[in-house]
Amino acid sequence: MTSAREEAIRATSVRDVTDWWSTAVSDIEPGIIRLRGYPVEELIPNAGFAETIWLMVRGELPGKAQAALLEKALVAAVDHGPQAPSIAAARMAATCGVGLHGAMSTGVGLLGDVHGGAGQQCLALLERLREVSEKEGVETAVAKALAESRARRQHVPGFGHRFHPRDPRRDPLLEAVAEQVAAGVVEGRHLRIAQELERQLAAGRSRPVPMNIDGATAVVYGELGFPAELARGLFILSRSVGILAHAWEETRSGRRIKGPLPPPLLPTYVGAAERRVPRS
1 MTSAREEAIR ATSVRDVTDW WSTAVSDIEP GIIRLRGYPV EELIPNAGFA
51 ETIWLMVRGE LPGKAQAALL EKALVAAVDH GPQAPSIAAA RMAATCGVGL
101 HGAMSTGVGL LGDVHGGAGQ QCLALLERLR EVSEKEGVET AVAKALAESR
151 ARRQHVPGFG HRFHPRDPRR DPLLEAVAEQ VAAGVVEGRH LRIAQELERQ
201 LAAGRSRPVP MNIDGATAVV YGELGFPAEL ARGLFILSRS VGILAHAWEE
251 TRSGRRIKGP LPPPLLPTYV GAAERRVPRS
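Sequential numbering from 1 applies to the sequence shown in our numbering.
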């Protein structure tokens, strides 16, 4: 009697096996590497890293102006020092002897919804507002969204910063987008909506609530046609450079088991006072 395993093997062709990992991203044969159809030996001298990132995730090479705008966003988010949990964690991991790969994976693993996810959340908001604004206009769409946010006591992702009164990365990124709007490279709809959000958030306040790096890069990625989920992936790709640099620096410092507080400082204890264990 033929077993189920033997029958499955007999029914599976070589084509079934090779199709199992079918991909449109890369074509690899002995002596051949093609990325989205382009021979790697032609990409190396003719395409920059930002262009190659675009090619790999979008399937086609970008125009020079598109690649330059993408590169600006990638550069802007590279690092924010050990104040960022991902950087601090990577540095601590590096002192534990896990190697650069372990330190980097530790840092990247912390880029979640709260730390690292605001760009994706902001772009998702901009996309929703873009759809609504087609019927109601930008000002009305933004006003309704902010009213809902305030009613739910929700933070608006991409605006305000815990550290910077005005994020120094905001202006050069938005200026670069505005230049490409004027040149006809991008439409400018995400930029307009984000600026209207910024304007209405500041209304009636003594201090404005300017866009931060997450909001500014969300504008860039949205104008370039990247979906919201890829905005987080691109942020992770960018921030991994800073994680690598900090992990490498910490590895070479010679320190071991570096914790979050320098000795002799100890975390504040807020639990019960010392007490005796009851004796039986």
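Even glycine gets a Cβ: it sits at the ideal position worked out from N, Cα and C.
Cα-Cα separation between residue i and residue j, rounded to whole angstroms
i    : j    : result
T2   : W21  : 28 Å
T95  : A245 : 14 Å
A183 : I193 : 19 Å
G107 : K64  : 32 Å
L123 : V270 : 40 Å
A47  : A11  : 44 Å
Y221 : A76  : 13 Å
E71  : V219 : 14 Å
G81  : A89  : 11 Å
R153 : L146 : 10 Å
A228 : R279 : 60 Å
G119 : S13  : 45 Å
V185 : K135 : 25 Å
M56  : P62  : 11 Å
E60  : H101 : 30 Å
P157 : Q121 : 6 Å
Where the beta strand (DSSP E) containing residue i begins and where it ends
i    : result
S26  : S26 to E29
L146 : Segment V138 to A151 is the alpha helix (DSSP H) holding L146; no beta strand (DSSP E) there.
Segment limits, alpha helix (DSSP H) that includes residue i
i    : result
I32  : Careful: I32 lies outside any alpha helix (DSSP H), inside the beta strand (DSSP E) at I32 to L35.
I257 : It is not in any alpha helix (DSSP H) - I257 carries neither H nor E in the DSSP assignment.
Y221 : I213 to E223
G99  : G99 to G109
P172 : R170 to A182
E7   : A4 to A11
T18  : V14 to W20
Q195 : R189 to A202
S86  : P85 to A94
Option in the options with minimal Cα separation from residue i
i    : options                 : result
L234 : P39, I28, W54 and R128  : W54
P262 : P39, L237, M92 and E131 : M92
H190 : T251, M211 and A68      : M211
E223 : G97, L69 and G37        : L69
P208 : G116, L111 and F159     : F159
M104 : E249, R169 and A228     : E249
D167 : G215, S86 and I33       : G215
D171 : V132, P260, E60 and A73 : A73
S238 : I213, R252 and K258     : I213
D79  : R15, E274 and G116      : G116
G242 : A84, D16 and I33        : A84
D113 : H155, E131 and T140     : H155
S86  : E42, L174 and P260      : P260
Helix, strand or coil at residue i [DSSP, three-state]
i    : result
F49  : helix
F163 : coil
G112 : strand
P39  : strand
H246 : helix
G63  : coil
E274 : coil
G81  : helix
R207 : coil
F226 : coil
Cβ neighbour criterion (16 or more within 10 Å) applied to residue i
i    : result
F49  : exposed
F163 : exposed
T217 : buried
G37  : exposed
A203 : exposed
L197 : buried
S253 : exposed
Residue i beta carbon near the ligand ATP (any heavy atom closer than 8 Å)
i    : result
R239 : For the structure depicted, the ligand ATP is absent and the ligand set is empty, with no information on it obtainable.
Neighbour flag for residue i against chain C, beta carbons, 9 Å
i    : result
I193 : The structure shown contains no chain C; it is built from a single protein chain.
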